[in-house]
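Chemist:
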Amino acid sequence: MVEQIATNATKNEGSVLSFRVVKTGVLIFWSIIIGIASVRVAFSLIQKKPDVGLCLGHFVYGDGIVSTDTERKETGQIVVISVKTIFVDTKNLVVLSPQKVVDQYSCRSDLLVRMKTKLYPRFKYGDQINFFGKLSSPFNFSNNNGSTFDMQGYLAKDDIFYEIKSARITGVATTSENTRVFDNPNWLDGAQGFVIGKLFSLKRRFVGNLERVLGEPYTALASGLVVGEKSALGPKLLEDFRTVGLIHIVVLSGFNITIVAYALRKVLSGLPRIWGIVIGGIGMFLFCILVGGGATVIRSCFMASIALIADVTRRGYNVFRALIFVALIMLIQNPMILFHDPSFQLSFLATLGLILLASPIEKRLKYIPDRFGMRGTVAATLSTQIFVSPFILYLMGQLSLIGVVVNILVLPFIPMTMLVVFLSGVFGFVSQIISQVIGWGAHILLAYELLIVQNFARIPFASLRTPSFSVWFVVAFYVVFLAVYVYVNRRKET
Numbered sequence: 001m002v003e004q005i006a007t008n009a010t011k012n013e014g015s016v017l018s019f020r021v022v023k024t025g026v027l028i029f030w031s032i033i034i035g036i037a038s039v040r041v042a043f044s045l046i047q048k049k050p051d052v053g054l055c056l057g058h059f060v061y062g063d064g065i066v067s068t069d070t071e072r073k074e075t076g077q078i079v080v081i082s083v084k085t086i087f088v089d090t091k092n093l094v095v096l097s098p099q100k101v102v103d104q105y106s107c108r109s110d111l112l113v114r115m116k117t118k119l120y121p122r123f124k125y126g127d128q129i130n131f132f133g134k135l136s137s138p139f140n141f142s143n144n145n146g147s148t149f150d151m152q153g154y155l156a157k158d159d160i161f162y163e164i165k166s167a168r169i170t171g172v173a174t175t176s177e178n179t180r181v182f183d184n185p186n187w188l189d190g191a192q193g194f195v196i197g198k199l200f201s202l203k204r205r206f207v208g209n210l211e212r213v214l215g216e217p218y219t220a221l222a223s224g225l226v227v228g229e230k231s232a233l234g235p236k237l238l239e240d241f242r243t244v245g246l247i248h249i250v251v252l253s254g255f256n257i258t259i260v261a262y263a264l265r266k267v268l269s270g271l272p273r274i275w276g277i278v279i280g281g282i283g284m285f286l287f288c289i290l291v292g293g294g295a296t297v298i299r300s301c302f303m304a305s306i307a308l309i310a311d312v313t314r315r316g317y318n319v320f321r322a323l324i325f326v327a328l329i330m331l332i333q334n335p336m337i338l339f340h341d342p343s344f345q346l347s348f349l350a351t352l353g354l355i356l357l358a359s360p361i362e363k364r365l366k367y368i369p370d371r372f373g374m375r376g377t378v379a380a381t382l383s384t385q386i387f388v389s390p391f392i393l394y395l396m397g398q399l400s401l402i403g404v405v406v407n408i409l410v411l412p413f414i415p416m417t418m419l420v421v422f423l424s425g426v427f428g429f430v431s432q433i434i435s436q437v438i439g440w441g442a443h444i445l446l447a448y449e450l451l452i453v454q455n456f457a458r459i460p461f462a463s464l465r466t467p468s469f470s471v472w473f474v475v476a477f478y479v480v481f482l483a484v485y486v487y488v489n490r491r492k493e494t
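The sequence shown begins at 1 in the numbering used here and counts up one residue at a time.
#1: I'd like to confirm the pairing. Which residues does DSSP put opposite Gly76 in its beta bridges?
#2: Can you tell me the Cα-Cα spacing of Pro412 and Ile247, whole angstroms?
#3: Taking contact to mean at least 3 C-beta pairs separated by less than 8 Å, is the region 453-463 in contact with the region 473-487?
#4: Run through the DSSP bridge pairs and tell me what Lys134 is partnered with.
#5: Can you tell me whether DSSP reads Glu495 as helix, strand or coil?
#6: May I ask which residues mark the beginning and end of the alpha helix (DSSP H) holding Ser463?
#7: What span of residues does the alpha helix (DSSP H) with Leu352 cover, start to end?
#8: For Ala37 and Val213, what's the separation of their Cα atoms in angstroms?
#9: Just the C-alpha distance for Leu323 and Thr351, rounded to the nearest angstrom, thanks.
#10: Thinking just about the alpha-carbon of each residue, which of Thr148, Trp440, Glu449 and Leu423 is nearest to the one in Ile414?
#11: CB-CB under 7 Å to Pro390, same chain, minus the five flanking residues each way: which ones, in chain order?
#12: Considering Val39, what are the terminal residues of the alpha helix (DSSP H) in which it resides?
#13: Using beta-carbon positions only, say whether Ile34 and Leu286 come within less than 8 Å of one another.
#14: Tell me the DSSP secondary structure of Tyr162 in three-state form.
#15: Under a three-way DSSP split, which group does Lys84 fall into?
#16: If you follow the beta strand (DSSP E) that Met336 is part of, which residue opens it and which one closes it?
#17: Can you say whether Leu357 is buried or exposed, counting buried as having 16 or more other CB atoms within 10 angstroms of its CB?
#18: In angstroms with no decimal places, state the Cα-to-Cα distance between Gln128 and Thr90.
#19: Measuring CA to CA, which of Arg458, Asp150, Thr117 and Ser137 is closest to Phe131?
#20: Would you mind reading off the limits of the alpha helix (DSSP H) that contains Thr377?
#21: When DSSP builds the beta bridges, which residues end up paired with Lys116?
#22: Compare the Cα-Cα distances from Val421 to each of Leu210, Asp341, Ser468 and Val453 and report the closest residue.
#23: Measuring CB to CB, does Val227 end up less than 8 Å from Val207?
#24: Hey, is the region 154-174 in contact with the region 329-346, meaning 3+ C-beta pairs nearer than 8 Å?
#25: In angstroms, rounded to a whole number, what distance separates the CA positions of Val571 and Gly133?
#26: Please look up how many angstroms separate the CB atoms of Ile408 and Val453, rounded, as I've assumed it's under 8 Å.
#27: Can you tell me which of the three DSSP states Phe182 falls into?
#28: Which residue wins for smallest C-alpha separation from Val403, given the options Met396, Ser424 and Thr381?
#29: Hey, is Ala327's beta-carbon within less than 8 Å of any beta-carbon in chain B?
#30: In angstroms with no decimal places, state the Cα-to-Cα distance between Phe241 and Pro272.
#31: For Ser400, does the three-state DSSP call read helix, strand or coil?
#32: Please identify the residue among Lys73, Ile32, Lys84 and Gly425 whose C-alpha is closest to the C-alpha of Leu238.
#33: For Leu445, I'd like the list of residues in its chain whose CB is within less than 7 Å of its CB, leaving aside the five on either flank, ordered along the chain.
#34: Within the same chain, show all residues whose beta-carbon is closer than 6 Å to that of Leu119, passing over the 5 residues directly before and after it, in chain order.
#35: Do you know offhand how far Val80's Cα is from Phe302's?
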């Protein structure tokens with residue numbers, strides 16, 4: 001991992017939480033960044049959702065454009081629509097007078113609406129659609145342990161406050177990318193839409209190549225590993241991945257991003273130093289867009305970019321400061337992720353645990369051979385598992401007890417799996433035969449990984465389930481942990 005590599009690089013610099021004298025300029029810089037982030041978070045707590053009047057809770061119709069990549073599941077697909085026009089269907093609404101229908105039942109147009117619809121026809125980014133369905137607010141739901149997941153807050157962080165659960169699409173048209181560029185009053189938005197559309201189109205064709213040579217559930221796992229495709233593994237298989245503590249490889253995580261960054265640097269190593277780093281940074285940025293730009297992806301890409309900048313300027317790279325800086329910038333951009341995005345929360349905690357605990361744990365695992373990176377893998381797995389366990393128990397009510405063993409058996413094969421899957425998908429653009437031959441190797445690796453997951457998930461007591469408890473117990477754990485960590489390291493420095 002980038003984080004692990006950076007942590008190992010700073011081992012000789014002393015504690016990552018060193019207590020040196022801070023320069024005035026540096027202190028002012030950090031104070032400004034922290035202050036802006038704090039103000040943004042405070043104002044996000046009083047954010048109000050847009051008013052749609054009497055349209056809420058009634059059947060509506062309108063048109064809009066698909067604004068993100070479509071999420072496909074076994075039972076259908078989920079699309080986010082940038083609504084142009086939306087009106088109440090007055091045939092299903094008792095009204096007082098025709099005048100009020102005209103004046104009061106035309107809803108606002110500047111809305112993002114999440115819609116669930118049938119699996120076919122399939123929609124993609126940029127499609128113009130007509131829709132019909134009942135407009136409602138998202139509802140929160142309870143997990144297996146009785147805790148409530150704040151679905152409203154989770155969607156609100158992306159400015160989505162309303163949904164249509166069973167949308168009926170009555171018309172579809174596709175807007176060409178060139179039209180979006182040249183007809184858009186804001187040329188920058190048009191150019192952005194053009195690039196995003198092309199990248200999403202490339203991803204769909206890549207996943208289509210994998211579907212032809214791998215089949216399910218191998219394609220779902222393969223596309224999740226390489227391009228972050230939210231395909232349908234099925235509820236049973238997803239539960240198996242959670243049980244064995246490997247859910248982080250099903251959707252693109254920091255581990256996968258690091259492999260991509262490392263591969264880019266290797267491929268570009270023949271270029272002049274500055275060009276290799278710059279092109280690698282641009283490649284990471286485009287890859288971040290390609291896979292949807294979730295919180296985990298953004299954090300990992302951002303941290304990799306900071307490492308590249310440090311390499312260009314020949315300055316030292318402190319992974320702890322980089323993590324805090326990235327987190328603060330993300331909060332300034334979207335403060336709601338602090339409380340409403342589990343991906344951001346878990347990614348931050350996992351990386352922090354890796355920074356603080358991986359090195360001390362690895363020093364105590366000298367009895368484990370370092371061949372094939374075994375000792376580092378065990379240390380990284382233990383450090384992240386220890387640090388995120390309280391939050392996972394609070395969030396999901398479930399904690400894998402065999403996660404360390406399964407991670408050791410699977411993670412060393414992930415880089416090779418990603419490479420073979422990538423080659424199979426790329427050669428699918430050129431030759432179906434070559435893609436099929438390479439696909440056999442990908443099939444073997446994916447089958448091994450699924451076999452490990454499914455068999456270990458059947459072990460009795462593979463995971464621990466707990467009843468719901470207050471988030472303040474989680475906060476207390478991290479406060480006490482950090483206090484002890486700081487105390488111990490200050491003792492070492494003195």
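Glycine residues also receive a C-beta, built at the ideal position from the N, C-alpha and C atoms.
This structure is a prediction, so every number in the text was calculated from the model and none was measured.
Modeler: The structure says:
#1: Lys73
#2: 16 Å
#3: The answer is no - the region 473-487 does not touch the region 453-463, with fewer than three Cβ pairs under 8 Å.
#4: Phe59
#5: Absent from the structure is residue 495, since the part of the chain shown begins at 1 and ends at 494.
#6: Segment Ser463 to Arg465 is the beta strand (DSSP E) holding Ser463; no alpha helix (DSSP H) there.
#7: Pro342 to Lys363
#8: Between Ala37 and Val213, the C-alpha separation is close to 47 Å.
#9: 8 Å
#10: Glu449
#11: The residues are Val474 and Phe477.
#12: Bounds of the alpha helix (DSSP H) holding Val39 are Thr24 to Ser44.
#13: no
#14: In the three-state reduction of the DSSP assignment, Tyr162 falls in the strand class.
#15: strand
#16: Run containing Met336: none; DSSP gives neither H nor E here.
#17: buried
#18: Using only the alpha carbons, I get a separation of about 24 Å.
#19: Thr117
#20: Taken as a continuous stretch (DSSP letters only), the alpha helix (DSSP H) holding Thr377 covers Met374 to Met396.
#21: Ile78
#22: Leu210
#23: yes
#24: yes
#25: Lying before the first or after the last residue shown, residue 571 is absent from the chain, which here runs from 1 to 494.
#26: Their Cβ separation, rounded to whole angstroms, is 13 Å, which puts Ile408 and Val453 out of contact at 8 Å.
#27: Any answer about Phe182 is weak, because its pLDDT of 43 lies below 50 and its placement is not dependable; what the coordinates show is given next. In the structure shown, Phe182 sits in a helix (DSSP, three-state: H, G or I).
#28: Correcting the residue identity first, residue 403 is Gly in this sequence and not Val. Considering only alpha carbons, the answer is Thr381.
#29: Of the protein chains in this structure there is only one, and it is not chain B.
#30: Roughly 42 Å between the two C-alpha positions.
#31: strand
#32: Lys73
#33: Contacts found: Phe413, Met416, Thr417 and Val420.
#34: Gly76 and Gln77
#35: 25 Å
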